[in-house]
Amino acid sequence: MAEQTADIRPRVNGGKVDKKKLIWLVILAVAAIALPLYFQSVQNYFFVRIFALMGIYVVLALGLNITVGYAGLLDLGYIAFYAVGAYVGMLMGFLLPDAIAQMGYWVLLPLAAFGAAFAGVLIGFPVLRLRGDYLAIVTLGFGESVRITLNNNIFGLTRGPKGLPGPGDSVAAPAGQAEMVQALSIGDFRFSSDLWWYYVIALLCVLAIFVIRRLDDSRLGRAWVAMREDEIAAASVGVNIQTTKLWAFALGALWGGVGGITFAYWVGFISPESFNFMESILVVCMVVLGGMGSIRGAAFGAVIIVGLPEIIRWAAQSPFFSAFLTIEQANLASQYRFLLFAMALIIMMMFRPEGIFPSKRRAMELHADDTRALVEKNEKLWDGDKVAGPDKDGRA
Numbered sequence: 075m076a077e078q079t080a081d082i083r084p085r086v087n088g089g090k091v092d093k094k095k096l097i098w099l100v101i102l103a104v105a106a107i108a109l110p111l112y113f114q115s116v117q118n119y120f121f122v123r124i125f126a127l128m129g130i131y132v133v134l135a136l137g138l139n140i141t142v143g144y145a146g147l148l149d150l151g152y153i154a155f156y157a158v159g160a161y162v163g164m165l166m167g168f169l170l171p172d173a174i175a176q177m178g179y180w181v182l183l184p185l186a187a188f189g190a191a192f193a194g195v196l197i198g199f200p201v202l203r204l205r206g207d208y209l210a211i212v213t214l215g216f217g218e219s220v221r222i223t224l225n226n227n228i229f230g231l232t233r234g235p236k237g238l239p240g241p242g243d244s245v246a247a248p249a250g251q252a253e254m255v256q257a258l259s260i261g262d263f264r265f266s267s268d269l270w271w272y273y274v275i276a277l278l279c280v281l282a283i284f285v286i287r288r289l290d291d292s293r294l295g296r297a298w299v300a301m302r303e304d305e306i307a308a309a310s311v312g313v314n315i316q317t318t319k320l321w322a323f324a325l326g327a328l329w330g331g332v333g334g335i336t337f338a339y340w341v342g343f344i345s346p347e348s349f350n351f352m353e354s355i356l357v358v359c360m361v362v363l364g365g366m367g368s369i370r371g372a373a374f375g376a377v378i379i380v381g382l383p384e385i386i387r388w389a390a391q392s393p394f395f396s397a398f399l400t401i402e403q404a405n406l407a408s409q410y411r412f413l414l415f416a417m418a419l420i421i422m423m424m425f426r427p428e429g430i431f432p433s434k435r436r437a438m439e440l441h442a443d444d445t446r447a448l449v450e451k452n453e454k455l456w457d458g459d460k461v462a463g464p465d466k467d468g469r470a
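To convert, take the position in the sequence shown, counting from 1, and add 74; that gives our numbering.
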């Protein structure tokens with residue numbers, strides 16, 4: 075029976091390389107490197123910036139996927155950690171001694187990341203006993219309280235709705251790009267184009283995927299899944315629920331901080347309105363649409379939700395699509411993107427609740443009836459072979 079039902083369980087390849095996955099990874103890596111170079115060469119800087127923005131939201135979606143997808147903690151205020159990372163990075167750039175501040179982004183990146191992780195622990199402590207809707211409401215309130223606090227110019231540091239300019243050197247960008255781009259330095263080498271920022275963000279995406287993948291395969295990752303399925307059962311087998319929740323909040327928030335400081339230093343300016351509630355909903359949509367508990371799904375959801383409205387707007391300006399798609403219609407589609415995303419989520423919940431690229435475990439959980447039917451079918455086949463016995467030649 076074990077042999078007959080083995081095909082319905084996730085397979086372990088025994089360390090062998092999956093050639094199909096390897097080919098797709100190579101294609102994806104080549105595209106991620108070559109496409110921005112191509113658009114930069116033809117002076118289409120619009121797409122280079124869109125690719126960079128996609129990368130930032132991929133990092134955010136992967137971070138929220140830890141909290142929502144793995145640990146099952148519905149966080150509707152995740153964008154607060156994004157804001158904490160951005161403001162910690164900006165303010166520390168002004169407050170640190172010049173000798174340290176000159177190193178800019180590279181020194182402040184870990185400070186912003188751990189600052190956001192600390193904020194994750196702070197919100198984690200009060201909500202340790204909350205679940206479901208109650209947890210969602212508290213995290214929603216936390217996210218809004220952070221935005222309002224920043225907007226009120228706390229201690230005279232955040233400048234309220236005026237926002238904060240970047241502490242680094244703003245230099246004139248190449249023609250056709252944004253008016254000013256924050257300079258980024260590695261030793262004596264300084265670069266200031268969107269293309270270079272894109273490659274920095276792409277490396278952060280690779281780092282996030284690698285780290286979160288290792289977490290998923292770790293003891294902590296298995297504890298998250300056990301807690302998500304049944305806290306009482308997880309506690310009965312030795313999982314420390316409080317500590318496990320705090321790790322989920324802290325590590326998820328850490329990647330929010332990474333995305334926040336990267337966005338702040340790339341754009342060179344932040345304001346509280348950049349971190350409103352709708353941004354939190356967008357990141358949640360990315361995780362749900364792509365597939366909760368799936369790294370590939372969260373990344374795909376971020377790419378689709380960030381890129382699709384911009385591609386529609388760009389298509390309206392191209393000669394091919396302008397014949398039947400006007401600029402006004404494209405802008406209308408962008409303005410109503412939240413309605414479109416809501417409709418897409420409703421359809422997904424009805425026909426594919428596990429998301430576009432779900433984890434194997436999640437897909438089997440949500441299609442338990444199909445899995446059970448397959449098990450019963452295999453049991454019948456196995457019983458039939460057993461009853462039939464050997465044939466006339468003595469073979470089973």
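Glycine included, each C-beta is placed from N, C-alpha and C at the ideal position.
Just so we're clear, the structure is a prediction, and the values are computed from it rather than from any experiment.
The count of Cβ pairs closer than 8 Å, one atom from the stretch 287–299 and one from the stretch 308–320, reaches three, so the stretches are in contact.
Secondary structure note for residue 310: its alpha helix (DSSP H) is the uninterrupted segment 305–310. Its Cα nearest to that of residue 238, the residue 338 stands out among 338, 209, 276. Here the alpha carbon of residue 161 sits roughly 42 Å from the alpha carbon of residue 92. Distance from residue 312 to residue 362 at the Cβ level is roughly 31 Å; contact not present, criterion being Cβ atoms closer than 8 Å.
If you check the CB distance, residue 224 and residue 110 do not come in under 8 Å.
Of the candidates 422, 434, 378, 104, 434 places its Cα closest to the Cα of residue 368. Residue burial is scored here from C-beta neighbours: residue 219 has fewer than 16 other C-beta atoms within 10 angstroms and is therefore classed as exposed. For residue 427, the secondary structure class from DSSP, reduced to helix, strand or coil, is coil. A straight line joining the alpha-carbon of residue 127 with that of residue 113 spans about 15 Å. Out of 267, 203, 332, the CA that lies nearest to the CA of residue 301 is found in 203. Between the alpha carbons of residue 181 and residue 423 lies a gap of roughly 43 Å. Shown here, residue 134 sits in a helix according to DSSP, grouped into three states. Annotation: the continuous alpha helix (DSSP H) that includes residue 213 extends over 206–225. Burial check for residue 194: the Cβ neighbour count within 10 Å reaches 16 or more, so the residue is buried. Straight-line spacing of the CA atoms in residue 119 and residue 318 works out to 43 Å. For residue 376, same chain residues with a beta-carbon under 6 Å away, outside a window of 5 residues either side, are 131, 132, 135, 360 in chain order.
Under DSSP, residue 344 shares a beta bridge with 238. Scanning 100, 97, 163, 150 for the CA closest to the CA of residue 340 turns up 163. In the three-state scheme derived from DSSP, where H, G and I count as helix and E and B as strand, residue 139 is classed as helix. The three-state secondary structure of residue 117, taken from DSSP, is coil. Around the beta carbon of residue 105, fewer than 16 other beta carbons lie within 10 angstroms, which makes this residue exposed.
Each of 155, 117, 125, 137 was checked against the Cα of residue 378, and the nearest Cα belongs to 125.
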